[in-house]
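Note that the working numbering has the sequence shown beginning at 4, numbered continuously upward.
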Amino acid sequence: MFDIDEQLKLLPEKPGVYIMKDKYGEIIYVGKAVSLKNRVRQYFQNSRNHGAKVSAMVSNISEFEYIVTDSELEALILECNLIKKHRPKYNILLKDDKQYPYIKVTLNENYPRVLFTRRIEKDKAKYYGPYSSSYAIRETIDIIKKLFPVRTCNRVIGKNTKDRPCLNYYIGRCLAPCMGNVDEEEYNAMIKDICTFLSGKHDDLILELEQKMNEASENLDYEKAADYRDKINSIKKIQETQKVLSSNMEDEDVIGFAQTQDKTCVQIFFIRGGKLVGREHFIIVDDESSINYILNQFVKQFYSGTVFIPKSIFIQDNIDEKDIIEKWLSGRRGSNVSIKVPVKGEKRKLVLMASENAEMTLKNFSEKLIKEKEMSTGAVESLADILGLDSVPNRIEAYDISNIQGVDPVGSMVAFIDGKAKNSEYRRFKIKTVVGANDYASMQEVVRRRFNHGFDEIKRLQEKQIDMDSLKFSSFPDLILVDGGLGHVNSVSETLKELGIDIPICGMVKDDRHRTRGLIYDNHEVSIDQNSPEFKLITRIQDEAHRFAISYHRSLRGKGLTVSLLDKIDGIGKGRKRALIKEFGSIDRIREATIEELQNIQGMNRKSAESVYNFFHKSK
């Protein structure tokens with residue numbers, strides 16, 4: 004048994020990282036400290052000074068661990084890595100595992116290529132970015148291919164390679180090193196130009212190309228000179244379309260923010276070679292933390308997840324750990340990195356531009372949230388009022404059955420949390436105990452199996468046979484919706500009573516055009532305004548349950564399981580099954596056939612015909 008008071012006494016006065024865990028052993032918070040003893044103790048003392056978020060976290064702490072480090076810098080690095088790995092509930096978190104796209108120049112291989120990638124490896128290749136848009140990268144690579152005949156194939160090319168060239172060679176898009184047409188020195192000179200281009204040093208590249216053009220002209224190689232001239236003109240056109248934001252033509256990141264009572268938007272501009280190559284924003288929902296703390300956490304998390312560290316980072320406001328973060332980033336970059344708060348001039352204007360963009364993004368986000376709330380949680384609350392429920396149904400589950408004339412019946416369960424579809428909570432079922440088209444019995448089987456799975460998981464969790472990550476059915480709904488009318492509702496109600504479960508049930512009824520009409524609840528149809536958010540929510544749920552069931556049914560049919568009923572009949576093998584389907588065309592027509600008609604099919608006899616007939620007629 005973990006004794007928090009005793010463990011607090013053992014904390015060392017050294018730098019390190021502390022890890023808070025809940026009763027399930029899940030990591031809920033990771034932090035660093037110059038003195039572990041002082042910092043960790045603060046959480047369990049003076050609780051009146053804690054905000055709601057910290058108080059909630061502390062109330063869920065069942066145990067903690069700590070790792071001592073030699074320095075504050077080591078503690079910072081370890082903290083960043085652990086947050087990235089475990090994504091604790093109470094840490095400020097950026098977007099889930101955002102992988103920015105980069106342009107990769109494969110300097111690690113003979114005759115390098117220019118590639119799109121999201122994966123950074125220590126492979127001696129050169130990476131350019133990050134870009135916030137994959138479209139921007141693909142456009143840039145396309146421009147490079149037009150300007151430079153760089154190879155695109157993945158062939159392994161050695162010094163003596165002699166191979167047949169691809170189409171790119173014949174249209175002038177590749178120098179064909181696979182044929183031995185170009186030596187490495189000449190090819191690498193082109194790669195050097197590409198790297199200069201990607202670095203944003205267009206003027207340097209133009210100057211170099213102009214020198215090559217003049218040399219070619221002097222040597223009377225007018226075709227080559229014209230090629231250089233066309234490249235120069237293309238690069239100049241690209242320059243005209245790119246906005247120069249920094250006169251020093253360096254690589255910089257600019258970070259601005261906007262804040263409301265409970266949300267902060269952090270906007271980052273990626274400036275490469277003085278030009279804006281992309282931008283990204285992050286919305287952080289937090290109504291307690293200071294902007295200093297939020298920016299501090301943002302900088303640490305963002306730069307722990309990106310491979311490229313610019314020379315300069317301009318930020319709107321100061322952060323407490325600026326010096327130690329600079330030291331950490333300098334180590335990652337391999338040269339000095341500075342974090343500055345500009346107060347005037349060009350850099351101040353850039354920061355204010357980022358801040359203005361953050362403000363507009365936050366405004367749009369807030370408006371979107373209001374609209375989404377109206378369509379989700381607001382709709383759920385209104386639905387609870389219409390039905391007269393005791394509480395708001397935060398978790399709604401909807402069930403549907405799909406079959407074609409009783410063949411391969413399947414059931415679907417979709418889950419909506421706070422009015423939003425939760426795809427990871429969807430479940431599907433093959434009907435096992437029901438023969439033929441019986442939606443009521445099929446719905447009962449699905450519901451019974453779903454809740455029995457839940458009871459079993461809860462029991463196994465209590466007995467510590469499984470962990471939290473293994474749970475799939477243990478969260479029970481606050482409201483059940485079934486696709487169908489009063490008969491479907493009553494059949495599910497019977498099953499829930501058998502299981503000792505008391506959950507409100509509604510039937511989603513449709514009109515003559517198979518469109519959502521309303522709900523059946525408490526033995527009568529509830530009228531709902533068709534223009535209301537709650538009606539649109541019901542429609543979304545019903546459509547989603549139907550879509551999920553149909554897609555599963557189709558997948559089974561696509562696997563050749565449409566005649567699975569015949570597989571259950573004794574004496575009916577592949578040959579007889581094929582003959583029956585060929586003759587009758589469907590399971591329904593086989594079901595309606597007489598013994599004599601079945602017997603007359605090639606490969607069938609009296610005994611096998613009786614087996615088929617008895618199978619279908621006993622199941623009625």
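Yeah, the Cβ is synthetic: ideal placement off N, Cα and C, and Gly gets one too.
Check the DSSP bridge columns for residue 120 and list the partner residues they point to.
-> Reading the sequence shown from its first residue, position 117 is the one you call residue 120. Its beta-bridge partners are 105.
Residue 414 bridges to which residues according to DSSP?
-> As a position in the sequence shown, residue 414 is number 411, starting the count at 1. Listed as beta-bridge partners of residue 414 by DSSP are 404 and 432.
Pull up the distance between the alpha-carbon of residue 616 and that of residue 589, whole angstroms please.
-> Position 613 of the sequence shown, counted from the first residue, corresponds to residue 616. Position 586 of the sequence shown, counted from the first residue, corresponds to residue 589. If you take the alpha carbons of residue 616 and residue 589, they lie about 15 angstroms apart.
Inspect the CB distances between the region 38-54 and the region 10-17 and report whether three or more fall short of 8 angstroms.
-> Taking a contact to require three or more Cβ pairs closer than 8 angstroms, the region 38-54 and the region 10-17 qualify as touching.
For residue 138, is the classification buried or exposed, using 16 other Cβ atoms within 10 angstroms of its Cβ as the cut-off for buried?
-> Numbered from 1 along the sequence shown, position 135 holds the residue referred to as residue 138. When all chains shown are included, residue 138 counts as exposed.
How long is the line joining the alpha carbons of residue 572 and residue 443, rounded to whole angstroms?
-> The sequence position of residue 572 within the sequence shown is 569, counting from 1. The sequence position of residue 443 within the sequence shown is 440, counting from 1. Rounded to the nearest angstrom, the gap between the Cα atoms of residue 572 and residue 443 is 24 angstroms.
Using 8 angstroms as the threshold, is the region 521-533 in touch with the region 409-427, meaning 3 or more CB pairs across them?
-> Counting C-beta pairs with one atom in each stretch, the region 521-533 and the region 409-427 have fewer than three that are closer than 8 angstroms, which means they do not touch.
Closest Cα partner of residue 430 within the set 554, 332 and 387 | Taking the sequence shown and counting its residues from 1, one reaches residue 430 at position 427. The residue with the shortest Cα to Cα distance from residue 430 is 554.
Using a Cβ-Cβ cut-off of 6 angstroms (strictly less than) and excluding sequence neighbours within five positions of residue 303, which residues of its own chain qualify?
-> The sequence position of residue 303 within the sequence shown is 300, counting from 1. The beta carbon of residue 303 is closer than 6 angstroms to those of 83 in its chain, skipping five residues each way along the sequence.
Please state whether DSSP places residue 291 in a helix, a strand or coil.
-> Looking up residue 291 in the sequence shown gives position 288. Looking at residue 291 - three-state DSSP - the assignment turns out to be coil, as it is neither helix nor strand.
Give every residue of the same chain whose Cβ lies closer than 6 angstroms to the Cβ of residue 25, excluding the five residues on either side of it in the sequence, and list them in chain order.
-> Along the sequence shown, read from residue 1 onward, the residue named residue 25 stands at position 22. So the list reads 31, 63 and 65, once near-sequence residues are dropped.
Kindly indicate the opening and closing residues of the beta strand (DSSP E) around residue 511.
-> As a position in the sequence shown, residue 511 is number 508, starting the count at 1. Residues 508-513.
Is residue 522 helix, strand or coil by DSSP?
-> Against the sequence shown, residue 522 aligns to sequence position 519. In the structure shown, residue 522 sits in a strand (DSSP, three-state: E or B).
Beta-carbon gap between residue 368 and residue 509 smaller than 8 angstroms = In the sequence shown, residue 368 corresponds to position 365, counting from 1. In the sequence shown, residue 509 corresponds to position 506, counting from 1. It is not a contact, given that the beta carbons lie outside the stated cut-off.
Roughly how many angstroms lie between the CA atoms of residue 225 and residue 190, to the nearest whole one?
-> As a working mapping, residue 225 is identified with position 222 in the sequence shown. As a working mapping, residue 190 is identified with position 187 in the sequence shown. If you take the alpha carbons of residue 225 and residue 190, they lie about 20 angstroms apart.
For residue 607, name the three-state secondary structure that DSSP assigns.
-> Start at 1 with the first residue of the sequence shown, and residue 607 comes out as number 604. Note: residue 607 maps to coil in three-state DSSP.
Return the CA-CA distance between residue 627 and residue 519, expressed in angstroms with no decimal places.
-> No statement about residue 627 is possible, as the shown extent of the chain runs from 4 to 623 and does not include it.
Are the region 391-403 and the region 474-485 touching, with three or more C-beta to C-beta distances below 8 angstroms?
-> A contact is defined here as three or more CB-CB pairs under 8 angstroms, and the region 391-403 meets this definition with respect to the region 474-485.
Do the region 139-149 and the region 325-332 make contact, defined as three or more Cβ pairs closer than 8 angstroms?
-> The answer is no - the region 325-332 does not touch the region 139-149, with fewer than three Cβ pairs under 8 angstroms.
Would you check if the region 579-594 and the region 603-622 touch, i.e. whether three or more CB-CB distances between them fall below 8 angstroms?
-> Counting Cβ pairs under 8 angstroms, three or more are found: they touch.
Going by beta carbon distance, what residues of the same chain come within less than 8 angstroms of residue 621, once the five residues before and after it are set aside?
-> Taking the sequence shown and counting its residues from 1, the one referred to as residue 621 is at position 618. No residues qualify anywhere along the chain.
Which two residues bound the contiguous beta strand (DSSP E) that contains residue 22?
-> One-based indexing of the sequence shown puts residue 22 at position 19. Counting along the chain, the beta strand (DSSP E) containing residue 22 begins and ends at 19-24.
How big is the Cα-Cα spacing for residue 350 and residue 468?
-> As a working note, residue 350 is residue 347 in the sequence shown. As a working note, residue 468 is residue 465 in the sequence shown. Taking the straight line joining both Cα atoms gives about 58 angstroms.
Touch test, the region 336-356 against the region 316-327, Cβ-Cβ under 8 angstroms, three pairs minimum = Inter-segment contact for the region 336-356 and the region 316-327 is present: three or more beta-carbon pairs are separated by less than 8 angstroms.
Taking just the CA atoms, how far does residue 159 sit from residue 228?
-> For this step, residue 228 is matched to residue 225 along the sequence shown. For this step, residue 159 is matched to residue 156 along the sequence shown. For residue 228 and residue 159, the distance between alpha carbons rounds to 31 angstroms.
Please go through the same chain and pick out, in chain order, the residues whose beta-carbon is closer than 6 angstroms to the beta-carbon of residue 152, but skip the five residues on each side of it.
-> Within the sequence shown, residue 152 is the residue found at index 149, counting from 1. By the criterion of a C-beta distance shorter than 6 angstroms, residue 152 is surrounded in its chain by 176, 177 and 178, once the five residues flanking it on both sides are discounted.
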